[in-house]
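Protein chains in written order, with my numbering: chain A, 102 to 111; chain B, 764 to 978.
The structure is reproduced here in structure tokens:
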């Protein structure tokens, strides 16, 4: 599965 | 991290500090909507659940703790602090913010990146943040005289998401076309809600008169 884009924003 | 996002985070942080300063220095929360502050606390708790599970950077974790604790401190002050709570415009702050919570939650159940608890909470926090300012804007229209610090608080709060939109445009062109339409649309709605406030704030600044939002 495509890795979930990390939510790096606040 | 790009300059737009850093500027956005700093503007957001500054807006919270201005509000804390106003409440602490004047021991008053007149003109401040407690409902909006409660909504922001829900936004931060729902969005920063990954605080204890995913470590992204020291900056990211520190800012999350700052936003959660400061929003909780403001709500606590407005509810419990003996001097501050007396200055709350209870009968003016009448927006039915439960409706905003319910609508955001239903929207998050329908529109989310994945139907998982974390993703639904994240989408819920994005939608709720877009409309959380409404009780505050309604209160500003009602309470004729808007004191400077409250006006500056709303100004910085509106500016922060505008910087984030620039950040998303920048990331769109530099990091590839990640489909982040949820924050995109919610961020545009959020910033648009401030449009008339920005207009009247600019007029009051240009004509050097007290800020007054038309009823």
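From the three backbone atoms N, C-alpha and C, an ideal C-beta is built for every residue, glycine too. Quick caveat, the model's predicted, so the values are computed rather than measured.
Checklist entry - Hey, residue 834/B and residue 800/B are a contact pair by Cβ (cut 8 Å); roughly how many whole angstroms apart? => result As a position in the second chain, residue 834/B is number 71, starting the count at 1. As a position in the second chain, residue 800/B is number 37, starting the count at 1. The Cβ separation is near 6 Å, so the contact holds.
Next on the checklist: Looking at the secondary structure, which residues open and close the alpha helix (DSSP H) in which residue 959/B lies?
Outcome noted: Along the second chain, read from residue 1 onward, the residue named residue 959/B stands at position 196. Taken as a continuous stretch (DSSP letters only), the alpha helix (DSSP H) holding residue 959/B covers 958 to 969.
Checklist entry - Among 916/B, 889/B and 959/B, which one has its Cα closest to the Cα of residue 946/B? => result Working through the second chain from its first residue, we reach residue 946/B at position 183. Nearest Cα to residue 946/B within the set 916/B, 889/B and 959/B: 889/B.
Item to check | Within chain A, the residues that residue 945/B reaches when beta carbons sit closer than 7 Å | outcome: Here residue 945/B is taken as the residue at index 182 of the second chain, counted from 1. Counting only Cβ-Cβ distances below 7 Å, residue 945/B has no contacts in chain A at all, with the closest Cβ about 11 Å away.
Next on the checklist: Once the 5 residues before and after residue 926/B are set aside, which same chain residues still bring their CB inside 8 Å of it?
Outcome noted: As a working mapping, residue 926/B is identified with position 163 in the second chain. The residues are 767, 768, 770, 771 and 774.
Checklist entry - Hey, is residue 841/B's beta-carbon within less than 7 Å of any beta-carbon in chain A? => result What you label residue 841/B is simply residue 78 of the second chain in a count that begins at 1. For residue 841/B, the answer is no, since every Cβ of chain A falls outside 7 Å of its Cβ.
Checklist entry - In whole angstroms, what separates the C-alpha of residue 964/B from that of residue 914/B? => result On the second chain, residue 964/B is found 201 positions in, with the first residue counted as 1. On the second chain, residue 914/B is found 151 positions in, with the first residue counted as 1. Taking the straight line joining both Cα atoms gives about 8 Å.
Checklist entry - With distances taken between CB atoms, is the gap from residue 837/B to residue 807/B smaller than 7 Å? => result Taking the second chain and counting its residues from 1, the one referred to as residue 837/B is at position 74. Taking the second chain and counting its residues from 1, the one referred to as residue 807/B is at position 44. No, these two residues do not count as a Cβ contact at 7 Å.
Item to check | Host alpha helix (DSSP H) of residue 835/B (start-end) | outcome: If you number the second chain from 1, residue 835/B lands on position 72. Counted as a single uninterrupted DSSP element, the alpha helix (DSSP H) harbouring residue 835/B occupies residues 821 to 843.
Item to check | Same chain, Cβ closer than 8 Å to residue 884/B, neighbours up to 5 away in sequence not counted | outcome: Locating residue 884/B in the second chain gives position 121, where the first residue counts as 1. Cβ within range, chain order: 809, 810, 812 and 871.
Item to check | Beta-carbon neighbours of residue 826/B, restricted to chain A and to distances below 8 Å | outcome: Position 63 of the second chain, counted from the first residue, corresponds to residue 826/B. 111, listed in chain order.
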